[in-house]
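Heads up: the structure comes next, in structure tokens.
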Amino acid sequence: MQQQQPPISRPSSSSISSANQPNGIGKETLKIIMKKLNQQLHHEFFDSAAEIGSLMISNCFNTIVGGSNSRNESMIEGVSPYNTSWNINTCEFCVDNLAQTVLVAFKEKCQLSSVPNEEAEWLQIFVDLLVVYSRALIGNSEFMRAKQYLSQAVTISSYILDYLSSKTPDDKKKHYYICDILADACLKNNLEDEAEIHLKSIPKEFRSVKNFMKLGDIYMKRDKSKEAVACYQEVLKMDKYAISAVEKLIKLGLPEDKKKNLTDYYKKEEWLAKLVDAKYYAHNNQHEKLIPSLKYLEKSFPNNVGLKLSLADCYDQLSKYNEALDLFKQCYKMDGYTDLKTSIYATLLQTTGHPLELQTLSQRLLTTSKGSAETWLVMGIYYTSRSTLLAVAGVDENVESNKIAFQHNMEMAIRSVDKALELNSSFVLAYLWKGHLLLMNQQFAKAIMVYKQAKTISKDIRIYQGLVKAYLALPQHFQDALNAARLAQKHYNSKNDYKPHILLGSVYTMKEELHDHAHKEFDLALKICQETDNEFGMEEALLGKVELDIKRQQFDAAIQTLQSPNLKQNTDSIQTKLGQIYLCQQRFEDAFQCFHKALSLNRFNEIARQELLKLEEAPAEEEPEEEYDM
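Next comes the structure, spelled out in structure tokens:
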């Protein structure tokens with residue numbers, strides 16, 4: 001309901017203090033209400049703070065503007081929001097020119113007032129109300145409205161600072177605080193240009209850690225590395241515990257020889273220096289170097305779930321799956337409510353064939369963390385697992401219903417992964433799973449787009465592995481696959497990790513003229529794995545060599561490699577590859593037994609399942625009829 005404005009009896013002085021409306025609220029009462037509004041913001045009662053704040057702004061606006069009927073356009077450099085002479089009954093409250101309206105009225109009344117300080121006090125109260133109201137709007141996610149009101153507050157506050165204040169440090173801090181909140185509102189509206197202007201308007205000596213951090217983030221987003229580095233360094237000078245700034249500096253490509261500049265901040269606190277090392281090695285995929293840093297931290301801070309989970313993740317990246325599984329189980333026994341790294345654990349459970357544990361994990365997360373991106377990715381992995389189980393079921397009397405259920409679970413898997421990305425657009429593992437699902441559905445072009453998107457966020461080797469797989473599925477993209485594999489080797493620390501060598505070797509294997517290069521890459525990978533005692537890595541490297549022998553049709557050499565003492569013979573991967581070699585040699589019975597054995601070891605082995613289906617669906621060879629002499 002629109003509030004009816006009371007008539008104004010114009011006093012001779014036209015001062016604000018003597019022009020109070022019959023139902024107006026005085027200054028002292030407004031100050032008390034303002035304290036109450038700040039308390040409401042502290043308690044996150046944003047709705048009530050916004051409603052009462054709006055009423056107080058109207059009251060203060062009407063008090064400042066009421067009684068003025070001049071249209072002196074020279075008050076603010078010739079700018080006036082009015083087309084005709086006006087008073088309280090004709091003045092329109094418009095957010096876009098609110099500051100101009102109030103300042104025109106204020107300056108006019110100051111000329112007529114005998115107590116200009118009181119007029120200035122009303123103006124400051126109005127600014128404070130605008131700020132409180134805007135904070136309530138931000139709390140209610142009304143970011144654009146908040147930005148508009150804060151813009152008006154900054155304009156009036158700037159006028160107060162320049163013409164009405166003593167320009168003390170406290171006066172300046174009050175103004176720059178409003179600039180900071182306005183920058184926040186601009187960022188909430190994706191207006192980085194405006195946010196940068198408002199943050200840069202705050203002199204360096206008045207900038208807080210938060211100001212430098214936000215400005216650094218803007219520079220980083222715009223590839224202004226030099227300016228971003230300077231901002232993050234200022235953050236660390238002010239707060240050495242601001243590890244977020246360390247992570248940003250590492251993301252900007254800090255070389256290892258410059259890492260000492262970071263750890264210099266922590267000369268007296270070795271645990272902080274080790275934490276910086278851990279952040280650096282994790283970002284640069286140097287997992288062999290990361291393990292000692294994590295173990296030092298774990299020894300310094302025993303029973304810390306976060307550190308143990310990071311170590312489990314590291315073991316997973318190094319293909320030390322048994323160690324990773326044991327640590328993950330230990331962590332979630334310690335804290336059954338956390339969702340930290342649960343998607344990594346779920347991926348490990350899926351690939352190593354633990355469907356019951358995966359189901360239990362997904363059910364637990366739906367109870368404890370339904371709104372998290374981790375939970376939805378775990379659900380996507382769970383639905384993928386169900387799809388694989390249905391596929392493994394093979395041909396039976398329920399084949400049609402199995403196909404429908406398979407398709408339903410695949411759709412649910414993709415929806416769940418999309419939900420995870422909706423909640424966290426920088427979730428690298430979610431991109432990896434989406435790409436994997438698209439590859440499963442033979443949507444190779446879409447998979448390439450997903451992996452490319454992930455590549456802008458992270459240099460994770462698995463992104464390049466997926467990208468190479470998608471490219472190789474499209475014959476015309478061989479050169480793209482080769483370029484991606486070479487780029488992975490450039491970004492990854494290939495001297496200490498075997499995976500880039502295997503990836504590049506797998507691409508070289510596809511072209512006969514590059515087979516010698518492939519052999520060299522697999523040998524390099526094998527050497528690294530032997531030096532680091534990595535059994536899973538050795539298996540991958542030897543399987544790569546076997547694939548190369550198969551391409552060269554050197555089947556006996558491939559079988560000899562598979563029977564190497566460096567390999568555990570009783571793994572599903574070995575049995576699958578052996579079955580493929582027997583197929584090439586047309587030893588179908590031996591191949592059949594190998595694929596069955598592979599599936600008995602891991603029923604989620606998709607390659608073994610597909611090869612077995614081909615064998616079962618192949619028409620039986622007709623035996624030649626015996627000829628008899630007549």
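Following full-length UniProt numbering, the numbering of the sequence shown begins with 1 at its first residue and continues without gaps.
Glycine included, each C-beta is placed from N, C-alpha and C at the ideal position.
Predicted model only: the values in this text are computed from it and were never measured.
Output the boundary residues of the alpha helix (DSSP H) element that contains residue i.
i, result
"Q152", "F143 to Y159"
"L187", "P169 to K188"
"T342", "T342 to T351"
"S354", "Residue identity check: residue 354 is His in the sequence provided, not Ser. Taken as a continuous stretch (DSSP letters only), H354 belongs to no alpha helix (DSSP H), as it is neither H nor E."
"R609", "E606 to E617"
"A598", "F588 to L601"
"D128", "P116 to G139"
"E270", "E270 to H283"
"S310", "V305 to Q317"
"H287", "H287 to S300"
"D47", "F46 to V65"
"D326", "Y321 to M334"
"Y582", "D572 to C584"
"Q39", "K27 to H42"
"L103", "L98 to L112"
"Q453", "F444 to K455"
"D556", "F555 to L562"
Report all residues from its chain with a CB closer than 8 Å to the CB of residue i; omit the five preceding and five following residues, and keep chain order.
i, result
"E617", "none"
"L294", "A278, L307, S310, L311 and C314"
"L423", "G371, S372, A373 and W376"
"R135", "L41, A49, A146 and I181"
Using a Cβ-Cβ cut-off of 6 Å (strictly less than) and excluding sequence neighbours within five positions of residue i, which residues of its own chain qualify?
i, result
"F444", "A470, A473 and L474"
"Y177", "none"
"N83", "Residue placement at N83 cannot be trusted, given a pLDDT of 36 that sits under 50; what the coordinates show is reported in the next sentence. Closer than 6 Å at Cβ, skipping near neighbours: no residue."
"M379", "S362 and S416"
"residue 652", "Absent from the model: residue 652. The displayed extent of the chain is 1 to 630, so no value can be given."
"L613", "none"
"Y451", "G435, I463, G466 and L467"
"L615", "F592"
"T90", "Any reading at T90 is ruled out, since the residue's pLDDT is 43, under 50, leaving its predicted position unreliable."
"L187", "A195"
"G537", "S319, Y498 and C529"
"L215", "L199 and C231"
"L340", "L309"
"Q575", "C594, K597 and A598"
"residue 664", "Since the displayed the chain opens at 1 and closes at 630, residue 664 lies outside it and no answer follows."
"I414", "L437"
Measuring CA to CA, which of the options is closest to residue i?
i, options, result
"L439", "V428, Q286, V468 and D460", "V468"
"E194", "D533, L327, V450 and S151", "S151"
"D533", "A518, K511, T360 and Y498", "Y498"
"M412", "T571, S426, W433 and Y133", "W433"
"V428", "N409, T456 and I404", "T456"
"Y219", "R207, S201, E247 and L252", "L252"
"K299", "Y281, L275 and H287", "L275"
"Q124", "K27, L421 and L389", "K27"
"T155", "N62, K248 and V95", "V95"
"Y383", "M238, T360 and A488", "T360"
"I550", "A273, H519, E247 and E535", "H519"
"Q442", "D170, L421, N140 and M410", "M410"
"R486", "Q476, E521 and Q453", "E521"
"S387", "S369, N402 and F406", "F406"
"F93", "N117, E118, C60 and P116", "C60"
"P302", "W271, Q286 and Y321", "W271"
"I502", "V132, I250, K527 and Y281", "K527"
"R364", "L437, L389, K31 and T338", "T338"
"F555", "P565, L578 and L137", "L578"
Output needed for residue i: all residues of its chain with C-beta closer than 7 Å, excluding positions within five of it in sequence on either side, in chain order.
i, result
"V395", "In this prediction, V395 scores a pLDDT of 46, lower than 50, which makes its location untrustworthy; no coordinate-derived value is stated."
"E77", "Bear in mind that the predicted position of E77 carries a pLDDT of just 38, short of 50, making it unreliable; the figure below should be weighed with that in mind. Result list for E77: empty, nothing under 7 Å."
"L98", "Q152"
With a threshold of 8 Å between beta carbons, is residue i in contact with chain B?
i, result
"L439", "No chain B is part of this structure, which consists of one protein chain only."
Completely contained alpha helix (DSSP H) runs for the region 465–542, where each covers 4 or more residues
478–491, 499–508 and 515–531
Segments assigned alpha helix (DSSP H), at least 4 residues, entirely inside the region 383–433
399–423
Three CB pairs or more closer than 8 Å across the region 328–347 and the region 576–595
no
Are three or more beta carbon pairs between the region 345–354 and the region 597–604 nearer than 8 Å?
yes
Does the pairing of the region 42–49 with the region 106–113 give three or more beta-carbon distances under 8 Å?
no
I want to know whether the region 163–180 touches the region 218–227 - three or more CB-CB distances under 8 Å.
no
Which runs of the alpha helix (DSSP H) spanning at least 4 residues fall entirely within the region 191–249, listed in chain order?
192–200, 209–221 and 225–238
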